[in-house]
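Chains A and B, in that order, are what the protein sequence lines are.
So for the first sequence, UniProt numbering puts the first residue at 1; every next one is plus one.
So for the second sequence, UniProt numbering puts the first residue at 1; every next one is plus one.
Cβ atoms here follow ideal geometry from the backbone N, Cα and C, with glycine treated the same way.
None of these values were measured; they are calculated from a predicted model.
Right, one structure below, let's go through it.
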Amino acid sequence: MNKIFLVLKREYLTRVKKKSFLLATLLTPLVIPTIIFAIAYFATRDKDSGHDEIRVLDQSGYFENVFDVSGYDFTFVTGSLDDQKAKFDDEGAFGLLYIPELDLSDISVSRFEGFEFYSTTNPSFRTLESIERAMERRIEDLKLQRSGLDADVVANLQARVGLDTFNITETGEAKESNSGLSYAIGYGMGFLIYMFIFVYGGQIMQSVLDEKTSRIVEVIVSSVRPFQLMMGKVLGVGAVGFTQLLIWIVLIGGLSTLGLGILSGGNDVMMEAASQQMPQEAMSQQQEMAANIQGMIASVPVVKILLCFLFFFLGAYFLYGALYAAVGSAVDSLQDAQQFMFPIIIPIIVSIMAMFFVLEDPNGGLAVTLSMIPLTSPIIMMARIPFGVPDWQLALSMVLLIAGFVGTIYIAGRIYRIGILMYGVKVNWKVMKKWFTMKV
Amino acid sequence: MNILEANNVTKRYAEHTALNDVSISIPKQSIFGLLGPNGAGKTTLIRIVNQIIMADEGEVLINGEKLDPKHIGVIGYLPEERGLYKKMKVGEQLMYLAQLKGLSNSEARKRIKFWLEKLGLSDWAGKKVEDLSKGMAQKIQFIATVLHEPELLILDEPFSGFDPVNANLIKDEIFELREKGATVIFSTHRMESVEQLCDHIALINKSQKILDGKKNDIRNSYKLNQYEVIFKGSLAESPSIKILNNSISELGLNKATIEAKNGESPNILLQELIGKIEVHSFIEIIPSINDIFISLVKGGQ
Chain A
1 MNKIFLVLKR EYLTRVKKKS FLLATLLTPL VIPTIIFAIA YFATRDKDSG HDEIRVLDQS
61 GYFENVFDVS GYDFTFVTGS LDDQKAKFDD EGAFGLLYIP ELDLSDISVS RFEGFEFYST
121 TNPSFRTLES IERAMERRIE DLKLQRSGLD ADVVANLQAR VGLDTFNITE TGEAKESNSG
181 LSYAIGYGMG FLIYMFIFVY GGQIMQSVLD EKTSRIVEVI VSSVRPFQLM MGKVLGVGAV
241 GFTQLLIWIV LIGGLSTLGL GILSGGNDVM MEAASQQMPQ EAMSQQQEMA ANIQGMIASV
301 PVVKILLCFL FFFLGAYFLY GALYAAVGSA VDSLQDAQQF MFPIIIPIIV SIMAMFFVLE
361 DPNGGLAVTL SMIPLTSPII MMARIPFGVP DWQLALSMVL LIAGFVGTIY IAGRIYRIGI
421 LMYGVKVNWK VMKKWFTMKV
Chain B
1 MNILEANNVT KRYAEHTALN DVSISIPKQS IFGLLGPNGA GKTTLIRIVN QIIMADEGEV
61 LINGEKLDPK HIGVIGYLPE ERGLYKKMKV GEQLMYLAQL KGLSNSEARK RIKFWLEKLG
121 LSDWAGKKVE DLSKGMAQKI QFIATVLHEP ELLILDEPFS GFDPVNANLI KDEIFELREK
181 GATVIFSTHR MESVEQLCDH IALINKSQKI LDGKKNDIRN SYKLNQYEVI FKGSLAESPS
241 IKILNNSISE LGLNKATIEA KNGESPNILL QELIGKIEVH SFIEIIPSIN DIFISLVKGG
301 Q
């Protein structure tokens with residue numbers, strides 16, 4: 001046990017003391033939001049700046065001033081379609097919209113065809129949809145007029161329904177639930193586990209491989225049991241990841257509390273001074289928004305989610321970490337590792353792809369099945385938990401995951417103890433199986 | 001008293017037997033040569049003693065006790081495939097390896113300082129291993145092997161890759177450790193390189209021990225009653241002398257290898273020779289361990 005700790009300490013300290021660790025840990029919580037913000041900023045700015053021209057050849061005469069699509073100017077032209085088709089591109093226009101003559105006399109006709117759009121490059125899906133919507137609305141209005149109905153009356157007849165969702169807790173208390181937030185939390189946590197397995201699993205493998213290629217491993221195993229070395233390594237690298245995660249949570253938590261604090265006005269004197277100059281309406285709107293966000297967060301069982309996350313996070317890490325260690329021990333170089341990485345990566349990829357379906361239907365058959373299988377359960381269960389999972393399912397999944405990682409650590413340990421002493425062996429699955437069954 | 005005894009140790013792998021019923025005993029404070037060609041099973045035996053792998057049959061005793069994890073601190077092992085963490089500082093690395101052997105932090109610090117000074121590496125304690133020359137790295141590896149003052153030092157192909165200066169330096173350190181009470185096992189396939197160092201040897205070939213004992217006893221018992229004579233005059237065979245070959249020495253004298261047909265003592269032979277020729281040199285030919293090994297292996301086939 002003491003020796004596992006010594007190995008763990010070395011793995012931990014050599015990593016944490018690196019400058020790259022410090023940099024990644026401190027900058028990631030700042031860089032990622034900055035990148036997201038920058039992308040969003042440039043995406044919106046692009047649309048506003050360069051206005052492309054779309055020419056409209058309207059033979060029906062109904063669509064003047066109808067189009068308002070951001071990023072585009074609409075100019076109406078006359079002449080023949082062939083003529084306009086030939087010259088719009090040369091004259092610098094992005095596209096040509098052709099509207100045929102329309103016969104609106106029979107209001108029972110609802111399908112209109114013959115609209116055409118010409119361009120040299122494909123317009124975005126959203127642009128096309130905006131144009132279609134605009135034309136539909138215009139035709140609806142025209143048909144309403146023809147049918148003699150008052151547009152105001154029609155507008156009054158429309159209805160909008162918002163569904164408030166509640167979760168009944170075991171005590172029978174109804175709690176306001178929030179599917180959007182659950183989705184975001186489930187997605188975020190599942191993705192975090194996915195990232196963590198890849199990044200730190202790879203580091204474990206690299207570390208095992210380094211010991212093998214630097215030929216220190218036989219010196220080490222003359223004083224430490226191979227299993228102790230492997231576990232020390234898995235725990236040490238895991239502790240590094242955990243440290244990083246903790247710092248991120250504190251940093252992001254701190255930053256977002258600060259953000260919320262600014263939003264809700266707070267007690268800050270500066271803020272108060274600023275808020276006095278702010279229009280009353282805007283103030284209350286912002287306060288309401290902040291209160292909403294805080295209310296949403298309060299509606300989620302934070303402690304339960306965090307504890308579950310901790311468990312599945314660690315479970316996934318041990319399970320995959322041991323497998324990565326086994327692969328690292330079996331091969332002589334990173335290139336050789338590829339063929340063995342494949343079956344390890346498959347269940348991770350399956351998890352992350354299935355996660356999107358699971359988030360849509362968190363209690364469906366796929367979700368329940370995958371959240372029981374230890375190889376996929378960490379990601380899938382974390383995606384489900386924010387939506388509420390029956391306790392027996394959670395318990396069963398946890399027990400299976402424990403069994404799963406104990407099993408993989410056992411298998412990995414048996415391959416590892418042989419693999420680390422083998423140099424220049426051409427390893428395939430058969431060889432690995434032999435190592436597994438071999439007596440030491 | 002034997003520090004190490006291996007009794008009927010057998011180790012089998014799927015396709016082959018790595019060690020077949022091997023027994024050796026290594027007396028305390030001896031320098032023991034574990035000799036044999038590549039693939040004979042030397043490293044397997046050493047790994048068993050180091051508890052890296054386990055014997056299928058037989059037992060290993062250290063100081064009369066069955067092999068146990070507590071013996072890890074008794075043994076210092078320099079494997080054939082050896083290296084260091086490249087990115088780690090020399091001092092930290094030695095500290096880590098010493099602690100793994102069970103040394104306390106303060107004791108390890110003292111000894112690391114002592115050894116680095118002794119081998120002239122004090123200035124390098126704070127440097128990373130990748131910045132060291134190969135010779136320096138080898139010295140560090142040696143220090144790591146002896147830091148915990150092992151009673152039993154096991155060196156697998158210790159001088160492969162060492163330059164002659166470092167090899168001699170390490171040899172001197174090894175002798176010094178032996179004087180202080182350590183027992184040393186050299187394992188190597190280059191028999192001539194350790195022959196003069198060892199006082200006990202065991203020969204291993206094809207998973208089996210074919211010979212062991214005190215080196216001098218072995219060499220004496222494999223004497224062939226052959227002598228090299230350098231002389232003036234002409235020598236003919238006689239009832240007691242057989243001439244194996246004849247040549248001219250560097251100084252223009254005759255040189256011959258003779259054999260005492262009936263095992264006559266050197267004095268008897270000399271008396272006969274003096275009557276016939278002018279003897280300039282008369283040396284008994286004692287076979288080297290390498291010669292003995294080759295004759296044993298060939299004889300066995």
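For this session: Check the Cβ of A144 of chain B against every Cβ in chain A and list those closer than 9 Å, keeping chain order.
Result: The answer, in chain order, is V219.
For this session: Kindly identify the DSSP beta-bridge partner or partners of R12 of chain B.
Result: Per the DSSP secondary-structure output, R12 of chain B pairs in a beta bridge with B:T17.
Exercise. So with Cβ pairs under 7 Å, would you call V224 of chain A a contact of chain B?
Worked result: With 7 Å as the cut-off, V224 of chain A counts as an interface residue toward chain B.
Exercise. Based on the DSSP output, what are the partners of I26 of chain B in its beta bridges?
Worked result: Per DSSP, B:L4.
Exercise. For the alpha helix (DSSP H) that contains Y200 of chain A, what are its first and last residues?
Worked result: S179 to T213 is the extent of the alpha helix (DSSP H) around Y200 of chain A.
Problem set entry | Inter-residue spacing [alpha-carbon to alpha-carbon] between E272 of chain A and L258 of chain A | Reliability of the predicted coordinates at E272 of chain A is poor, the pLDDT of 48 falling under 50, and the value obtained from them is presented with this limitation in mind. Approximately 15 Å between the Cα atoms of the pair.
For this session: Please name the residue or residues paired with L155 of chain B in a DSSP beta bridge.
Result: For L155 of chain B, which the question treats as bridged, DSSP gives the partners B:L78 and B:F186.
Problem set entry | Where Q271 of chain B falls: helix, strand or coil (DSSP) | DSSP places Q271 of chain B in helix when its eight states are reduced to three.
Exercise. Taking DSSP as the reference, what is the three-state secondary structure of L103 of chain B?
Worked result: Coil at L103 of chain B, not helix or strand.
Exercise. What are the residues that DSSP puts in a beta bridge with H200 of chain B?
Worked result: Looking at the DSSP assignment, H200 of chain B forms a beta bridge with B:F32 and B:K214.
Exercise. When we look at the beta-carbon of P150 of chain B and count the other beta-carbons within 10 Å, is it buried (16 or more) or exposed?
Worked result: Buried, since its Cβ has 16 or more Cβ neighbours within 10 Å.
Problem set entry | Rounded distance between the beta-carbons of S223 of chain A and I72 of chain B, thought under 8 Å | That belief holds up - the Cβ atoms of I72 of chain B and S223 of chain A are roughly 5 Å apart, short of 8 Å.
Exercise. By Cβ distance, which residues of its chain are closer than 8 Å to S238 of chain B, with the 5 residues on each side in sequence left out?
Worked result: Only E272 meet the Cβ criterion.
Problem set entry | Where Y62 of chain A sits in the DSSP three-state scheme | Annotated three-state conformation of Y62 of chain A is coil, per DSSP.
For this session: Give the secondary structure of K19 of chain A by DSSP, where H, G and I count as helix, E and B as strand, and everything else as coil.
Result: In the structure shown, K19 of chain A sits in a helix (DSSP, three-state: H, G or I).
For this session: Let me know the secondary structure DSSP gives E149 of chain B once reduced to three states.
Result: Three-state DSSP puts E149 of chain B in coil, outside helix and strand.
Exercise. Which residues bound the alpha helix (DSSP H) around V350 of chain A?
Worked result: For V350 of chain A, the enclosing alpha helix (DSSP H) stretches over residues L334 to E360.
Exercise. Hey, does N8 of chain B have any beta-carbon neighbour from chain A nearer than 7 Å?
Worked result: Not an interface residue.
For this session: Could you say which of A:R417, A:K3 and A:L102 lies nearest to A330 of chain A if we only look at CA atoms?
Result: Proximity to A330 of chain A across A:R417, A:K3 and A:L102 peaks at A:R417, based on C-alpha coordinates.
Exercise. Since D56 of chain B meets chain A, which of its residues come closer than 8 Å, beta carbon to beta carbon?
Worked result: Neighbours of D56 of chain B on chain A, chain order: K439.
Exercise. Going by Cα to Cα distance, which pick from A:Y320, A:P386, A:R133 and A:R10 is closest to L306 of chain A?
Worked result: With distances taken between Cα atoms, L306 of chain A lies closest to A:P386.
For this session: Can you give me, in chain order, the residues of the stretch 409-426 of chain A that have a beta carbon less than 8 Å from any beta carbon in chain B?
Result: If the cut-off is 8 Å between Cβ atoms, the stretch 409-426 of chain A has L421 and Y423 near chain B.
For this session: Just mark F229 of chain A as buried or exposed, buried being the case when its beta carbon has 16 or more other beta carbons within 10 Å.
Result: In the sequence as presented, Phe is not what sits at residue 229 of chain A; that position holds Leu. L229 of chain A is classed as buried because its beta carbon has at least 16 other beta carbons within 10 Å across all chains shown.
Problem set entry | Proximal chain B residues relative to I379 of chain A, where beta-carbon distance stays under 8 Å | None at all; the shortest Cβ gap to chain B is about 33 Å.
Problem set entry | Backbone secondary structure at D52 of chain A - three-state DSSP | DSSP places D52 of chain A in strand when its eight states are reduced to three.
Problem set entry | Close beta carbons around N267 of chain A, own chain, < 7 Å, minus the five adjacent residues each side | Here the model assigns N267 of chain A a pLDDT of 48, short of 50, so the residue's position is not dependable and the matter cannot be decided.
Problem set entry | Sufficient close CB pairs (3 or more, under 8 Å) joining the stretch 203-210 of chain B to the stretch 32-43 of chain B | The stretch 203-210 of chain B vs the stretch 32-43 of chain B: in contact.
Problem set entry | Short CB-CB distance (under 7 Å) between K86 of chain B and chain A | By this cut-off, K86 of chain B is an interface position.
Exercise. Under a Cβ-count criterion, where at least 16 other Cβ atoms within 10 Å of its own Cβ denotes burial, should N8 of chain B be classed as buried or exposed?
Worked result: It counts as exposed.
Problem set entry | L246 of chain A Cβ short of 6 Å to the ligand GDP heavy atom set | The ligand GDP is not part of the structure shown, which contains no ligands of any sort.
Problem set entry | Three CB pairs or more closer than 8 Å across the stretch 179-194 of chain B and the stretch 149-166 of chain B | As far as the Cβ criterion goes, the stretch 179-194 of chain B touches the stretch 149-166 of chain B, which means the pair count is three or higher.
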